[in-house]
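Number of protein chains: 4
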Amino acid sequence: MRSRESAALSRTRRARREDLIAAAIQVISQDGYGAASLERIAREAGTSKGNALYHFSSKEELYQAVATTLFETGAAYMAERLRAAGTPAERLRTYLESNLRFITLNAAHVGATQRILQNSTTVQVIEVEDAAAPLRRLLQSGQDSGEFGAFDPEITALSIRAAIDMAAFLFLRHPDLDVEHYISETVALFLRAVQPAPAPSASASASAP
Amino acid sequence: MRSRESAALSRTRRARREDLIAAAIQVISQDGYGAASLERIAREAGTSKGNALYHFSSKEELYQAVATTLFETGAAYMAERLRAAGTPAERLRTYLESNLRFITLNAAHVGATQRILQNSTTVQVIEVEDAAAPLRRLLQSGQDSGEFGAFDPEITALSIRAAIDMAAFLFLRHPDLDVEHYISETVALFLRAVQPAPAPSASASASAP
Amino acid sequence: MRSRESAALSRTRRARREDLIAAAIQVISQDGYGAASLERIAREAGTSKGNALYHFSSKEELYQAVATTLFETGAAYMAERLRAAGTPAERLRTYLESNLRFITLNAAHVGATQRILQNSTTVQVIEVEDAAAPLRRLLQSGQDSGEFGAFDPEITALSIRAAIDMAAFLFLRHPDLDVEHYISETVALFLRAVQPAPAPSASASASAP
Amino acid sequence: MRSRESAALSRTRRARREDLIAAAIQVISQDGYGAASLERIAREAGTSKGNALYHFSSKEELYQAVATTLFETGAAYMAERLRAAGTPAERLRTYLESNLRFITLNAAHVGATQRILQNSTTVQVIEVEDAAAPLRRLLQSGQDSGEFGAFDPEITALSIRAAIDMAAFLFLRHPDLDVEHYISETVALFLRAVQPAPAPSASASASAP
DNA sequence: GATGAATGAGCCTTCATTCAT
DNA sequence: TATGAATGAAGGCTCATTCAT
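Residue numbers (my numbering), protein chains in the order written: chain A, 1 to 209; chain B, 1 to 209; chain C, 1 to 209; chain D, 1 to 209.
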């Protein structure tokens, strides 16, 4: 006779860890990084501080898990969307859309991880490589093909990354934001920015007759 | 004992406060917000924890002073540059240039203040208004005059602010960055982005034969 | 290591709290209110400052517990003694005797609580009502029945309370005092004081011929 | 031309000390013993912490001065009133009246001194002798002359002292108290208490038929 | 797996005291 | 005399971590 309670008690190791990761995200998002003590997080997860340290040998390790799970799910999410090749402009659109949509779906997780990475000295992201590097290569390929205009791809990549990285806090502060509108506007903004300059022909001045 | 250091001893109250503000910026920039204890900051300023609390009645007040001095100097810096009116495009250029140049000149101060505002619950910036509001109005005036294209000025303003706010950490991480190049590229990027769409001439419609 | 002290280790939460309450009483009685630091109290209880704050969330809460336990035991002690009704004189005798005897049995606890109530701004006693009120009513009932003389029951009650409240420090300073003698003398003193004035007969004026 | 300011600046040493003593009394009475820091007291006296320690070499010395001035003025006040001899009953009346009246006139000073003596380990009162001793001798002389009844003079003296010592806090808590009524009632209370037992006349024995 | 108890380090803050001016 | 500046000790409290059960 396996009671429901026994099912609850036999929670697998993984489930408990996920509870704690979710609790850490929740506490950091709600009360701030500074207020996120192990005691507080464990209580949020419905367990004890001692047990939390049974599943994660240190607080830093729990925070590392928060970051790692985010990058794993994020990478999986975007990998399938970015796989399909296309023109650089299409790939830039897909990159922005998938990034922003993933962030809107995981705003608390993203925001908490950003706080952790900002404040922790030991938590590291696996991809040590500059987060803007893939984007820079994408922009360069667009310039090589003549589809994009002339600009410093490094700096442009950084500006695009800034807009993306800001999104989590934007959505956390304004939960009622129209996500689709925000995404399409941001995509359009940067697509305009990377377009080649219009030929300085008569038609250019024609817009202000 | 230290009677020879009369110069050091005659330090006025203001000088000591400035020392402590500078030390707080330095420690936060160098060792991180979490490592910035009063003891550490006071040592960095060449004084004692007790004396630091003699000049600032609490740690929060010291942090508030870090934020306030930044906004005061920042407002003074940009006020004279933004005073001169001009076309919206010129004003956007000036806004971006003065913001970014001020940040490059005060990267540590800006970065430390951002960390403080993120982590402190009590430190407040005087201008409660949304930091993106003046920018949004600037963009709207450009649209009204027909100089700028059609886009959501709120979202565009947020993206521009994101690029600006990111700059401090960028310069802190990469002190060897070519500041002028970075500024001119960023300005050009967003000026392109707000331009009106080119007239749907033959070359433009060529993409859909 | 300490696995042999299973008795000590199995101490329940309540036992540890009682240890700390007893230690607080001991330290305050012995070294004074000002010297009673949490560190000192915890050492006296055989534990650490951190653990003391694990059992009581603040020093004030520990002090509140010192006061509360005193009033609980005191109320229980006197309730059964005062239950039995009787003439006002008998009830006054019982009130004084039970109060004073309880104090002699708990002099350190009473004295420490008085110091706490004098010095703490937050510790409160449950019975907000004036401590002299029940005594005042007792005196009034004696006057109504004619058993007591004419006097201001409020002021008399205050004087009796003063004698009672002083007792704890008296016994702490003079541990060798004859308790029973002290109690019976104090009872007799105040019983005389509340007696009706003797009839102004010849015999009364005879003492001053 | 001696301006008023110069008069203020040339305050004599004694005047400054008295200011500080008065400020200490005020702060202790108003904010409590625990809140009475040197900084707070000096500010109340209109001077600086450093200057306070110029006039009193330590905080304890200031507190000692608070106690000493009280006992000097108190002794002077009562000496002239107690000088005139009389019957023990008259002297007891005078003792109580002068004590209580002095306390009502100096309630804050008396209360502050009591707090200081309770909390300080070093402040001492000059008359180390038991404060109740003169009273005990007074009571004994009344018993020797047959004017007072049979009771333990030591314990009675302590009860009377308790009523007196409580008076300061009573008046501080209830500033609207009718002082003269309080004094006359208290005097009458203890005069009754020390009277000889009434002769076992018929009316007295009537209570035990 | 899980918990309560316990510890020790570190932090902010208060405060008496010292000292140069 | 008087003050501002500075120091160091001490206190209450938080918290990550350890451990016995």
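Note that beta-carbon positions come from the ideal geometry of N, C-alpha and C, so glycine has one too.
Helix, strand or coil for residue i per DSSP?
i	result
S57/B	coil
S98/C	helix
A67/D	helix
Q171/A	At residue 171/A the sequence reads Phe, which differs from the Gln that was named. The answer is helix: DSSP assigns F171/A an H, G or I state.
S6/C	Unreliable positioning characterises S6/C in this predicted model, as indicated by a pLDDT of 44, which lies under 50. The coordinate reading is nonetheless provided below. Helix.
S48/B	coil
E147/D	coil
P153/D	helix
Y77/C	helix
V27/A	helix
G142/D	helix
T159/C	Going by the sequence as given, residue 159/C is Ser instead of Thr. Helix at S159/C.
D130/B	coil
D19/D	helix
P198/D	coil
T104/A	helix
A42/A	helix
D165/D	helix
A36/A	coil
A89/A	helix
Q124/D	coil
R137/A	helix
A208/B	Below a pLDDT of 50, predicted positions are generally treated as unreliable, and A208/B, at 40, falls in that range; the measurement from the model is reported next regardless. Of the three classes helix, strand and coil, the one that applies to A208/B here is coil, per DSSP.
Using the beta-carbon of each residue, which ones in chain C are nearer than 9 Å to residue i?
i	result
R211/D	Given a span of 1 to 209 for chain D in the structure shown, any question on residue 211/D remains unanswerable.
L170/D	L158, A162
So which residues on chain A does residue i lean against when the C-beta distance must stay under 9 Å?
i	result
I155/B	H181, Y182, E185, T186, L189
What first and last residue would you give for the alpha helix (DSSP H) that runs through residue i?
i	result
V194/B	179 to 194
G111/A	107 to 119
Which bits of chain A does residue i rub up against, with CB to CB less than 7 Å?
i	result
A162/B	A162, A163, M166
Below 7 Å on C-beta distance, what does residue i contact in chain C?
i	result
N99/D	Ordered by position in chain C, no residue passes the 7 Å Cβ test against N99/D, which lies about 13 Å from the chain.
Just to make sure I have the definition right: I need the residues of chain B whose C-beta is within less than 7 Å of the C-beta of residue i. Which are they?
i	result
N119/A	G32, Y33, G34
| said: Using a Cβ-Cβ cutoff of 8 Å, what residues of the segment 122 to 136 of chain A are near chain B? List them in chain order. | reply: none
| task | Could you run through the segment 23 to 37 of chain C and flag, in chain order, every residue whose CB is less than 7 Å away from some CB of chain D? | result | G32, Y33, G34
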